[in-house]
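Enquirer: Let me begin by handing over the structure; questions about it come next.
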Amino acid sequence: MLKRVVLVISVVALLMVTTAQAAIDFIYPAQNSSVTTSGHLIFKLNQNDITSLRITLNGVAGESVDVGMPEYRKLFQDFFIAQSLWDQGANKVVVDLFKGGQKVESASLSVFFVPEGSSQKVPPEYSPVVMHRPESERLCQSCHNMNPTPAQMNSSIEKENPCYACHKKLLSVKYVHGPAGTYSCGYCHASKGNPKHSVAKREAALCYECHADMAVQIKKKKYVHGPIEAGMCEACHEAHGSQNEFQLKKPINELCLSCHGHIANQKHVVMTTTGEGHPLSGRKDPLRAGSGKQMSCISCHAPHGGSVRYFFFNNVEDRMALCQACHNK
Amino acid sequence: MNCGCHPNKADKSFTHKPVKDGECSSCHKPSDQKHPKVKKGAFLLTDNGKAGLCNECHERKDIKKYVHGPVASGDCLDCHDVHQGDNKFQLKESGVALCYMCHDKTKLGRKFPHPPIAEGKCLDCHDPHQSDNKYILKADGSDLCIMCHDKSMFTGKSIHGPVATGECSACHVTHGTQYPHLLKHSFPEDFYTPFNKSQFELCFKCHSASIADDQRTGAATGFRNGMFNLHFLHVNKADKGRSCKVCHDPHASSQPKLISSKVSGFGRWRIPIRYTKNDVGGTCVVGCHKPKSYNRIDPVVNP
Chain L
1 MLKRVVLVIS VVALLMVTTA QAAIDFIYPA QNSSVTTSGH LIFKLNQNDI TSLRITLNGV
61 AGESVDVGMP EYRKLFQDFF IAQSLWDQGA NKVVVDLFKG GQKVESASLS VFFVPEGSSQ
121 KVPPEYSPVV MHRPESERLC QSCHNMNPTP AQMNSSIEKE NPCYACHKKL LSVKYVHGPA
181 GTYSCGYCHA SKGNPKHSVA KREAALCYEC HADMAVQIKK KKYVHGPIEA GMCEACHEAH
241 GSQNEFQLKK PINELCLSCH GHIANQKHVV MTTTGEGHPL SGRKDPLRAG SGKQMSCISC
301 HAPHGGSVRY FFFNNVEDRM ALCQACHNK
Chain W
1001 MNCGCHPNKA DKSFTHKPVK DGECSSCHKP SDQKHPKVKK GAFLLTDNGK AGLCNECHER
1061 KDIKKYVHGP VASGDCLDCH DVHQGDNKFQ LKESGVALCY MCHDKTKLGR KFPHPPIAEG
1121 KCLDCHDPHQ SDNKYILKAD GSDLCIMCHD KSMFTGKSIH GPVATGECSA CHVTHGTQYP
1181 HLLKHSFPED FYTPFNKSQF ELCFKCHSAS IADDQRTGAA TGFRNGMFNL HFLHVNKADK
1241 GRSCKVCHDP HASSQPKLIS SKVSGFGRWR IPIRYTKNDV GGTCVVGCHK PKSYNRIDPV
1301 VNP
């Protein structure tokens, strides 16, 4: 009798699994995952006769997208790939599916977005997103090479490097790190790893493998900027690239003030006759005349360190000598 | 072998075959005089024991264009012991010590010696007897070098002039020099180097230094954007000037103008370069900077 009950239960369970197959498989980001950037939104439609869909993000509905046309199916099969623009914090995506104008089904996805560097905590019900998992790679591999060789991962020819197709957006910034710009992905990212393609080393341990001259330079400095002393190159620099010079995470002064915030609230350097402090931005940098560069924190302070306190750019002990670099004696 | 009263001449590791076989008379041919009453005169050595005697069995080794001195003068026994020895071919010394019996070792002492010299392997390059090549070398020009060095290094879409004509010696001194890589003149080892003409003596012996000296030029180099010399831009810097080899392969490359397809020397990363040339300039897609183009006639403003 007991056996029979177990059998019945398992048959019912089996039926439930088959009938309860979701209308949509969310591939990226996965259900209840946390993300640090806005990237792709990828899902797979499990019903072939869906003609259109509509995405609603946090209550704001998008336009209807026709996914039933043969041209669409030829290009994307039953996949839907869009660009996400997450709101900070919890995001709820609702996808409504239509057959010939008739809504047939809805599916929803929860994603938590905290941009990198933010102090906001991710609630425990969300786990960090990982794209390159066997179950999602299996879905992608009909169109994408999900197991590139190390040589393919370093091919500087777009067509030969499978990373490029999905990750090219990393390069649509003004200042791009050389290896990223030439698709030398494999120099930092492992072809295997756990999670797959993860970076085995980070920060200075990785950076100094190429920037060996920087390692030597920094060793020579008597005073080293804290994050560099700690080997935290990525505290200031974005590994792939950014909109800011030197691939900095923020424009120079904004970046410096994100730690040294008190400087913004005081008259820095000196109080001038006008009652203002020394200009820290918005003026041409007289020491870099002709370069078009504006004054910033690094006009006076070398960002990595120096042989004098405060890392004065010209390594002068005497503060007046710093002033005299621009102000004639 | 013991020939009556004479000490055994076949107890060392290497023995001349007739000695081992007891055929003393193949060389020491009896005259009609009675031995031991007559000492030396009882036996005759063809050609007084010089090459003429050896050539009775051995092929002549003095017929090619360049012949080793002792071979030419028939003094085989300068190097070989006629009976026996502790070295192969009954040589009087082993390895390079044999050569240094005559050749001055101190003349070959170099800061950066060619590895065969350091290892005493003179015969990797030289034939000990004769050759049709100068210095009794085993092959001519670059053919000698490619006996050990990978030939593919010297082939490509663009090939450096001396490499194409097989004149490795235009830049390298085979025995070694005070500079690394057997280079004839100074050339920087580092990726970045403060620009100083004397460091690039190797290149500037043939190429005009104005290639890196003149900030503006209409002729010194084709690598210019309008009149602005882009060699100057890359190389002529007080601190992080680049060495020529950052972009150029001194032997050959798969791209025009000897531009390497990958650059070594920047840590672990081999920086890819894709260079395309056109009639008035070119474009460089590289890990060092954004893709940039130049045009000699109509200067490009790069983003």
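In the order they appear, the protein sequences are chains L and W.
In terms of the numbering used here, the first sequence opens at residue 1 and continues consecutively.
In terms of the numbering used here, the second sequence opens at residue 1001 and continues consecutively.
In this text, a Cβ means the ideal position worked out from N, Cα and C, and glycines have one as well.
Since this is a predicted model, take the numbers as computed values, not measurements.
Since L/C233 meets chain A, which of its residues come closer than 9 angstroms, beta carbon to beta carbon?
Expert: The question asks about chain A, but that chain is absent: this structure's protein chains are L and W.
Enquirer: Can you check whether the C-beta of W/Y1294 is within less than 8 angstroms of a C-beta belonging to chain L?
Expert: Position 294 of the second sequence, counted from the start, is the residue given in the question as residue 1294 of chain W. Judged by the 8 angstroms Cβ criterion, W/Y1294 is not in contact with chain L.
Enquirer: Give every residue of the same chain whose Cβ lies closer than 6 angstroms to the Cβ of W/K1262, excluding the five residues on either side of it in the sequence, and list them in chain order.
Expert: Start at 1 with the first residue of the second sequence, and residue 1262 of chain W comes out as number 262. Cβ neighbours of W/K1262 beyond the five flanking positions: R1270 and P1272.
Enquirer: If I measure Cβ to Cβ from W/K1134 and keep anything under 7 angstroms in the same chain, skipping five residues before and after, which residues do I get?
Expert: Translated into the one-based positions of the second sequence, residue 1134 of chain W becomes position 134. Closer than 7 angstroms at the Cβ level, and outside the excluded window around W/K1134, lie Y1066.
Enquirer: Determine the chain W residues that contact L/E209 at a beta-carbon separation under 9 angstroms, and present them in chain order.
Expert: Along the first sequence, read from residue 1 onward, the residue named residue 209 of chain L stands at position 209. Under the 9 angstroms cutoff, chain W gives G1267, R1268 and W1269.
Enquirer: On the DSSP letters alone, give me the boundaries of the alpha helix (DSSP H) that L/I228 sits inside.
Expert: Here residue 228 of chain L is taken as the residue at index 228 of the first sequence, counted from 1. Taken as a continuous stretch (DSSP letters only), the alpha helix (DSSP H) holding L/I228 covers G226 to E229.
Enquirer: Just to make sure I have the definition right: I need the residues of chain W whose C-beta is within less than 7 angstroms of the C-beta of L/P148. Which are they?
Expert: For this step, residue 148 of chain L is matched to residue 148 along the first sequence. Neighbours of L/P148 on chain W: none; closest Cβ ~16 angstroms, over 7 angstroms.
Enquirer: Using a Cβ-Cβ cut-off of less than 9 angstroms, list which residues of the segment 1069-1082 of chain W approach chain L; keep chain order.
Expert: If the cut-off is 9 angstroms between Cβ atoms, the segment 1069-1082 of chain W has nothing near chain L.
Enquirer: What is the rounded straight-line gap between the Cα of W/Q1178 and the Cα of W/H1185?
Expert: To locate residue 1178 of chain W, count along the second sequence from 1; it is residue 178. To locate residue 1185 of chain W, count along the second sequence from 1; it is residue 185. For W/Q1178 and W/H1185, the distance between alpha carbons rounds to 9 angstroms.
Enquirer: Would you tell me roughly how many angstroms separate the C-alpha atoms of W/H1289 and W/L1230, rounded to the nearest one?
Expert: The count along the second sequence starts at 1 and reaches residue 1289 of chain W at position 289. The count along the second sequence starts at 1 and reaches residue 1230 of chain W at position 230. Computed Cα separation, rounded: 14 angstroms.
Enquirer: Cβ of L/V60 within 8 angstroms of Cβ of L/S52?
Expert: Counted from its first residue, the first sequence places residue 60 of chain L at position 60. Counted from its first residue, the first sequence places residue 52 of chain L at position 52. No, Cβ-Cβ distance for L/V60 and L/S52 is not below 8 angstroms.
Enquirer: Return the CA-CA distance between L/L255 and L/F112, expressed in angstroms with no decimal places.
Expert: Here residue 255 of chain L is taken as the residue at index 255 of the first sequence, counted from 1. Here residue 112 of chain L is taken as the residue at index 112 of the first sequence, counted from 1. When rounded, the distance between both Cα atoms is 25 angstroms.
Enquirer: Is there contact here, the segment 295-315 of chain L with the segment 1052-1067 of chain W, by at least three beta-carbon pairs under 8 angstroms?
Expert: No: the two stretches stay apart, fewer than three of their Cβ pairs being nearer than 8 angstroms.
Enquirer: Please say whether L/C188 and L/P179 have beta carbons closer to each other than 8 angstroms?
Expert: Residue numbering aside, residue 179 of chain L sits at position 179 when the first sequence is read from its first letter. Residue numbering aside, residue 188 of chain L sits at position 188 when the first sequence is read from its first letter. Cβ atoms of L/P179 and L/C188: closer than 8 angstroms.
Enquirer: Interface residues of chain L around W/R1060 at Cβ under 9 angstroms?
Expert: One-based indexing of the second sequence puts residue 1060 of chain W at position 60. Per Cβ cutoff of 9 angstroms: no residues; W/R1060 is ~55 angstroms from chain L at best.
Enquirer: How about the segment 39-56 of chain L and the segment 95-106 of chain L: do they share at least three Cβ pairs that are nearer than 8 angstroms?
Expert: Yes, since at least three Cβ pairs between the segment 39-56 of chain L and the segment 95-106 of chain L fall closer than 8 angstroms, the two stretches touch.
Enquirer: Suppose the cutoff is 7 angstroms on Cβ atoms and the five residues either side in sequence are ignored; what does the same chain contact list for L/K196 look like?
Expert: Walking along the first sequence from the start, residue 196 of chain L turns up at place 196. Only H132 meet the Cβ criterion.
Enquirer: Could you tell me whether the Cβ of L/T274 comes closer than 8 angstroms to any Cβ of chain W?
Expert: Translated into positions along the first sequence, residue 274 of chain L becomes position 274. Output row for L/T274: interface = no.
Enquirer: If you check the beta carbons only, do L/I27 and L/I42 fall under 8 angstroms apart?
Expert: As a first step, residue 27 of chain L is located in the first sequence; it is residue number 27 there, counting from the start. As a first step, residue 42 of chain L is located in the first sequence; it is residue number 42 there, counting from the start. Contact: yes.
Enquirer: In whole angstroms, give me the CA-to-CA distance for L/R288 and L/S136.
Expert: In the first sequence, the residue the question calls residue 288 of chain L occupies position 288. In the first sequence, the residue the question calls residue 136 of chain L occupies position 136. Going by the C-alpha atoms only, they are around 51 angstroms apart.
Enquirer: Considering just the uninterrupted stretch of the alpha helix (DSSP H) at L/Y72, what are its terminal residues?
Expert: Here residue 72 of chain L corresponds to residue number 72 of the first sequence, with the count starting at 1. First-last of the alpha helix (DSSP H) with L/Y72: P70 to F76.
Enquirer: Classify L/V95 as helix, strand or coil using the three-state DSSP reduction.
Expert: Stepping through the first sequence from its first residue, residue 95 of chain L is reached at position 95. In this structure, L/V95 counts as strand in the three-state DSSP scheme.
Enquirer: Give the DSSP-derived three-state secondary structure of L/E160 in the structure shown.
Expert: Working through the first sequence from its first residue, we reach residue 160 of chain L at position 160. Residue state, collapsed to three classes: helix.
Enquirer: Per DSSP, what kind of secondary structure is W/D1213 in: helix, strand or coil?
Expert: Position 213 of the second sequence holds residue 1213 of chain W. Reduced to three states, the DSSP call for W/D1213 is helix.
Enquirer: For L/Y164, decide whether its Cβ has a neighbour in chain W, counting only Cβ atoms nearer than 8 angstroms.
Expert: Against the first sequence, residue 164 of chain L aligns to sequence position 164. Not an interface residue.
Enquirer: Would you call the CB atoms of W/S1264 and W/D1190 closer than 8 angstroms?
Expert: Counting from one through the second sequence, the residue named residue 1264 of chain W turns up at place 264. Counting from one through the second sequence, the residue named residue 1190 of chain W turns up at place 190. No, these two residues do not count as a Cβ contact at 8 angstroms.
Enquirer: Would you please state the rounded distance, in angstroms, between the beta carbons of L/V95 and L/A107? I believe it to be under 8 angstroms.
Expert: Walking along the first sequence from the start, residue 95 of chain L turns up at place 95. Walking along the first sequence from the start, residue 107 of chain L turns up at place 107. That belief holds up - the Cβ atoms of L/V95 and L/A107 are roughly 5 angstroms apart, short of 8 angstroms.
Enquirer: What's the call for L/S372, buried or exposed, on a 16-neighbour Cβ count within 10 Å?
Expert: The structure shown has nothing for residue 372 of chain L, since chain L only spans 1 to 329.
Enquirer: Strictly below 9 angstroms CB to CB, what residues from chain W border L/A61?
Expert: Residue numbering aside, residue 61 of chain L sits at position 61 when the first sequence is read from its first letter. Simply none; closest approach about 38 angstroms.
Enquirer: Determine the DSSP secondary structure at L/S198, reduced to helix, strand or coil.
Expert: Start at 1 with the first residue of the first sequence, and residue 198 of chain L comes out as number 198. It is coil, neither helix nor strand.
Enquirer: When the Cα of L/S296 is compared with those of L/N265, L/V308, L/P251 and L/V270, which residue comes out closest?
Expert: Counting from 1 along the first sequence, the entry for residue 296 of chain L is found at position 296. Of L/N265, L/V308, L/P251 and L/V270, the residue nearest in Cα terms is L/P251.
Enquirer: Which residues bound the alpha helix (DSSP H) around W/G1141?
Expert: As a working note, residue 1141 of chain W is residue 141 in the second sequence. Per DSSP, W/G1141 belongs to the alpha helix (DSSP H) from G1141 to C1145.
Enquirer: Within 10 angstroms of the Cβ of L/Y310, are there 16 or more other Cβ atoms? Answer buried if so, exposed if not.
Expert: Within the first sequence, numbered from 1, the residue matching residue 310 of chain L stands at position 310. L/Y310 comes out exposed.
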